[in-house]
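Residues 1473 to 1703, numbered by the numbering used here, are exactly what the sequence shown covers, in order.
Cβ atoms here follow ideal geometry from the backbone N, Cα and C, with glycine treated the same way.
Here is the structure we will look at, set down as C-alpha coordinates.
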Amino acid sequence: MRRTALVTGSARGIGAAICSVLKKDGLAVIGADIIEHEHDDSDRYIEIDLSDPAECERLVAEAGEVDVLVNNAAIFFHKPIPEVTLDEFDYTIAVNFRANFLVCRGLVEGMKDRGWGRIINISSVGARTGGVSHSAVYSATKAAMISLTKNFARNYGPYGVTANAVAPGFVDSFMTSHVPDDLRAAYTSQIPLGRASQPEEIASVVAFLAGDGASFVTGATIDVNGGWVMT
(Lines of atoms letter the chains of each structure in order from A and count residues from 1; the text may use other names and numbers.)
(Lines give C-alpha, C1' and ligand atoms only; values in the text may rest on other atoms or scores of the structure.)
Protein backbone atom coordinates (compact mmCIF):
# COMPACT_ATOMS: atom_id res chain seq x y z
CA MET A 1 0.00 0.00 0.00
CA ARG A 2 1.27 3.46 -0.87
CA ARG A 3 2.26 5.42 2.23
CA THR A 4 1.15 9.00 2.81
CA ALA A 5 3.33 11.85 4.06
CA LEU A 6 2.20 15.17 5.46
CA VAL A 7 4.76 17.98 5.19
CA THR A 8 4.10 21.31 6.90
CA GLY A 9 5.77 24.47 5.64
CA SER A 10 5.80 22.81 2.25
CA ALA A 11 5.49 25.81 -0.07
CA ARG A 12 9.18 26.61 -0.51
CA GLY A 13 12.72 26.00 0.73
CA ILE A 14 13.36 22.90 2.80
CA GLY A 15 9.69 21.94 2.83
CA ALA A 16 9.43 22.00 -0.94
CA ALA A 17 12.59 19.90 -1.24
CA ILE A 18 11.17 17.37 1.23
CA CYS A 19 7.96 17.10 -0.78
CA SER A 20 9.97 16.46 -3.92
CA VAL A 21 12.18 13.71 -2.52
CA LEU A 22 9.33 11.92 -0.74
CA LYS A 23 7.24 11.96 -3.89
CA LYS A 24 10.18 10.51 -5.85
CA ASP A 25 10.37 7.78 -3.22
CA GLY A 26 6.80 6.83 -4.04
CA LEU A 27 4.87 8.42 -1.19
CA ALA A 28 1.62 10.29 -1.61
CA VAL A 29 2.48 13.77 -0.37
CA ILE A 30 0.16 16.23 1.33
CA GLY A 31 1.57 19.74 1.59
CA ALA A 32 0.41 22.22 4.21
CA ASP A 33 1.29 25.89 4.33
CA ILE A 34 -0.18 29.34 4.84
CA ILE A 35 1.13 30.51 1.46
CA GLU A 36 0.72 29.16 -2.06
CA HIS A 37 3.08 26.50 -3.32
CA GLU A 38 5.81 27.36 -5.79
CA HIS A 39 5.99 23.74 -6.98
CA ASP A 40 3.76 20.81 -7.90
CA ASP A 41 5.42 18.07 -5.85
CA SER A 42 2.43 17.65 -3.54
CA ASP A 43 -0.40 15.32 -4.49
CA ARG A 44 -2.67 17.45 -2.33
CA TYR A 45 -2.31 20.85 -0.69
CA ILE A 46 -4.03 22.17 2.43
CA GLU A 47 -3.87 25.90 3.09
CA ILE A 48 -3.52 26.29 6.84
CA ASP A 49 -2.64 28.79 9.56
CA LEU A 50 -0.76 26.70 12.11
CA SER A 51 -0.79 29.48 14.69
CA ASP A 52 -4.47 28.67 15.31
CA PRO A 53 -5.15 25.48 17.34
CA ALA A 54 -8.48 25.02 15.58
CA GLU A 55 -6.67 25.08 12.24
CA CYS A 56 -4.27 22.42 13.51
CA GLU A 57 -7.27 20.24 14.31
CA ARG A 58 -8.64 20.89 10.82
CA LEU A 59 -5.33 19.86 9.28
CA VAL A 60 -5.37 16.56 11.17
CA ALA A 61 -8.95 15.90 10.09
CA GLU A 62 -8.42 16.78 6.43
CA ALA A 63 -5.12 14.92 6.13
CA GLY A 64 -6.70 11.62 7.19
CA GLU A 65 -4.41 8.61 7.59
CA VAL A 66 -0.81 9.81 7.61
CA ASP A 67 2.15 7.44 7.80
CA VAL A 68 4.97 10.00 7.70
CA LEU A 69 4.64 13.37 9.41
CA VAL A 70 7.28 16.03 8.74
CA ASN A 71 6.91 19.08 10.96
CA ASN A 72 8.88 21.65 9.01
CA ALA A 73 6.82 24.85 9.26
CA ALA A 74 8.47 27.65 11.24
CA ILE A 75 8.69 31.40 11.46
CA PHE A 76 11.65 33.53 12.48
CA PHE A 77 11.61 37.14 13.67
CA HIS A 78 15.23 38.24 13.26
CA LYS A 79 15.33 40.99 15.89
CA PRO A 80 17.50 41.92 18.88
CA ILE A 81 16.10 40.59 22.15
CA PRO A 82 14.95 44.01 23.49
CA GLU A 83 12.89 44.56 20.32
CA VAL A 84 10.96 41.27 20.35
CA THR A 85 7.30 41.99 21.09
CA LEU A 86 5.03 39.76 23.13
CA ASP A 87 2.90 39.11 20.05
CA GLU A 88 5.97 37.98 18.09
CA PHE A 89 7.05 35.78 20.99
CA ASP A 90 3.62 34.13 21.24
CA TYR A 91 3.31 33.70 17.48
CA THR A 92 6.71 32.02 17.25
CA ILE A 93 5.82 29.60 20.05
CA ALA A 94 2.44 28.90 18.45
CA VAL A 95 3.81 28.03 14.99
CA ASN A 96 7.19 26.53 15.83
CA PHE A 97 6.22 24.45 18.85
CA ARG A 98 2.54 24.29 19.81
CA ALA A 99 1.35 23.44 16.30
CA ASN A 100 3.90 20.66 16.02
CA PHE A 101 2.72 19.13 19.28
CA LEU A 102 -0.93 19.35 18.27
CA VAL A 103 -0.38 17.80 14.84
CA CYS A 104 1.86 15.07 16.26
CA ARG A 105 -0.72 14.26 18.91
CA GLY A 106 -3.52 14.30 16.40
CA LEU A 107 -1.90 11.86 13.99
CA VAL A 108 0.24 9.56 16.12
CA GLU A 109 -2.63 7.50 17.52
CA GLY A 110 -3.53 6.44 14.00
CA MET A 111 0.08 5.44 13.38
CA LYS A 112 0.00 3.46 16.62
CA ASP A 113 -3.18 1.63 15.61
CA ARG A 114 -1.67 0.71 12.22
CA GLY A 115 1.62 -0.40 13.80
CA TRP A 116 3.87 1.83 11.69
CA GLY A 117 4.70 5.50 11.54
CA ARG A 118 7.40 8.12 11.19
CA ILE A 119 7.51 11.50 12.91
CA ILE A 120 10.29 13.78 11.69
CA ASN A 121 10.67 17.18 13.30
CA ILE A 122 12.86 19.85 11.74
CA SER A 123 14.92 21.48 14.47
CA SER A 124 17.97 23.72 13.98
CA VAL A 125 21.62 24.15 14.84
CA GLY A 126 20.30 26.96 17.04
CA ALA A 127 18.91 24.29 19.36
CA ARG A 128 22.52 23.27 20.01
CA THR A 129 24.04 26.75 20.30
CA GLY A 130 21.21 28.99 21.48
CA GLY A 131 21.52 30.85 18.18
CA VAL A 132 24.41 32.80 16.74
CA SER A 133 22.41 35.90 15.86
CA HIS A 134 19.14 37.52 16.95
CA SER A 135 17.24 34.25 17.28
CA ALA A 136 16.61 33.68 20.98
CA VAL A 137 12.95 32.68 20.71
CA TYR A 138 13.33 30.77 17.44
CA SER A 139 16.25 28.76 18.80
CA ALA A 140 14.39 28.00 22.02
CA THR A 141 11.46 26.55 20.06
CA LYS A 142 13.86 24.39 18.06
CA ALA A 143 15.42 23.08 21.28
CA ALA A 144 11.93 22.30 22.55
CA MET A 145 11.31 20.25 19.41
CA ILE A 146 14.23 17.97 20.26
CA SER A 147 12.79 17.27 23.69
CA LEU A 148 9.32 16.69 22.25
CA THR A 149 10.77 14.29 19.70
CA LYS A 150 12.38 12.18 22.42
CA ASN A 151 9.14 11.98 24.37
CA PHE A 152 7.15 10.77 21.37
CA ALA A 153 9.93 8.28 20.60
CA ARG A 154 9.70 6.81 24.11
CA ASN A 155 5.91 6.67 24.20
CA TYR A 156 5.22 5.33 20.73
CA GLY A 157 8.29 3.25 19.91
CA PRO A 158 6.66 0.08 21.28
CA TYR A 159 3.95 0.46 18.64
CA GLY A 160 6.21 0.71 15.60
CA VAL A 161 6.33 4.50 15.46
CA THR A 162 9.69 6.26 15.34
CA ALA A 163 10.28 9.93 16.10
CA ASN A 164 13.43 11.77 15.10
CA ALA A 165 14.64 15.30 14.58
CA VAL A 166 16.83 16.84 11.90
CA ALA A 167 18.87 19.90 12.87
CA PRO A 168 20.03 21.87 9.82
CA GLY A 169 22.76 24.47 10.04
CA PHE A 170 23.13 27.33 7.59
CA VAL A 171 20.82 26.53 4.67
CA ASP A 172 20.69 28.53 1.45
CA SER A 173 16.93 29.11 1.46
CA PHE A 174 14.23 31.71 2.00
CA MET A 175 14.68 31.83 5.77
CA THR A 176 18.32 32.90 5.43
CA SER A 177 17.78 35.31 2.54
CA HIS A 178 17.95 38.23 4.98
CA VAL A 179 21.56 37.43 5.96
CA PRO A 180 23.98 40.07 4.57
CA ASP A 181 27.04 38.96 2.63
CA ASP A 182 29.52 39.77 5.40
CA LEU A 183 27.61 37.72 7.97
CA ARG A 184 27.11 34.93 5.45
CA ALA A 185 30.88 34.82 4.94
CA ALA A 186 31.43 34.75 8.70
CA TYR A 187 29.08 31.79 9.05
CA THR A 188 30.56 29.76 6.23
CA SER A 189 34.09 30.39 7.51
CA GLN A 190 33.17 28.36 10.59
CA ILE A 191 31.80 25.43 8.58
CA PRO A 192 34.44 22.78 7.78
CA LEU A 193 32.76 22.06 4.44
CA GLY A 194 33.07 25.76 3.65
CA ARG A 195 29.57 26.49 2.36
CA ALA A 196 25.89 26.67 3.19
CA SER A 197 23.80 23.58 2.58
CA GLN A 198 21.09 23.26 -0.03
CA PRO A 199 17.50 22.34 0.92
CA GLU A 200 17.86 19.07 -0.97
CA GLU A 201 20.65 18.01 1.40
CA ILE A 202 18.30 18.34 4.34
CA ALA A 203 15.51 16.59 2.45
CA SER A 204 17.67 13.55 1.73
CA VAL A 205 18.16 12.95 5.46
CA VAL A 206 14.42 13.30 6.02
CA ALA A 207 13.82 10.74 3.28
CA PHE A 208 16.13 8.28 5.03
CA LEU A 209 14.30 8.69 8.33
CA ALA A 210 10.96 8.26 6.55
CA GLY A 211 11.88 4.88 5.11
CA ASP A 212 12.22 1.32 6.29
CA GLY A 213 16.01 1.65 6.35
CA ALA A 214 15.74 3.81 9.47
CA SER A 215 13.56 1.32 11.35
CA PHE A 216 15.93 1.18 14.35
CA VAL A 217 16.56 4.92 14.58
CA THR A 218 14.36 6.76 17.05
CA GLY A 219 14.76 9.57 19.56
CA ALA A 220 17.75 10.81 17.57
CA THR A 221 18.66 14.28 16.35
CA ILE A 222 20.69 14.22 13.16
CA ASP A 223 22.85 17.31 12.68
CA VAL A 224 23.11 18.40 9.05
CA ASN A 225 25.35 21.43 9.41
CA GLY A 226 28.55 20.68 7.51
CA GLY A 227 30.45 20.26 10.78
CA TRP A 228 29.63 23.75 12.05
CA VAL A 229 28.62 22.27 15.40
CA MET A 230 29.75 18.79 16.37
CA THR A 231 27.96 17.06 19.25
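Using a Cβ-Cβ distance cut-off of 8 Å, the region 1610 to 1621 and the region 1656 to 1664 are not in contact, since fewer than three pairs of beta carbons, one from each stretch, lie closer than that value. Cβ atoms of I1506 and N1544 stay farther apart than 8 Å, at about 13 Å.
Only exposed fits N1627, as fewer than 16 other CB atoms lie within 10 angstroms of its CB. Looking at the backbone, the Cα of D1513 and that of P1525 are separated by about 27 Å. Pairing A1682 with A1477 gives a Cβ-Cβ distance under 9 Å. Taking a contact as a CB-CB distance under 8 Å, the pair V1542 and T1480 counts as one, their CB atoms being some 7 Å apart. Residue state for E1527 is assigned as helix, using DSSP reduced to three classes.
Taking the CA atoms as reference points, G1698 sits about 28 Å from V1501.
The region 1551 to 1559 makes no contact with the region 1490 to 1499; the number of CB pairs closer than 8 Å stays below 3. Cβ-Cβ distances below 6 Å link L1499 to R1475, A1477 in the same chain, with the five nearest sequence neighbours on each side left out; the list follows chain order.
Here M1473 is exposed, its C-beta having fewer than 16 other C-beta atoms within 10 Å. Annotation for S1645: G1485, I1486, P1671 place their beta carbon closer than 7 Å to its own, counting only its chain and skipping 5 residues before and after. Taking the C-beta atoms as reference points, A1483 is found nearer than 9 Å to E1508.
Separation of I1490 and N1568 (C-alpha to C-alpha, rounded to the nearest whole angstrom) is 18 Å.
If you check the CB distance, T1690 and G1629 come in under 9 Å. In the three-state reduction of the DSSP assignment, T1601 falls in the helix class. Here V1580 is not near D1695, since their CB atoms are 9 Å or more apart.
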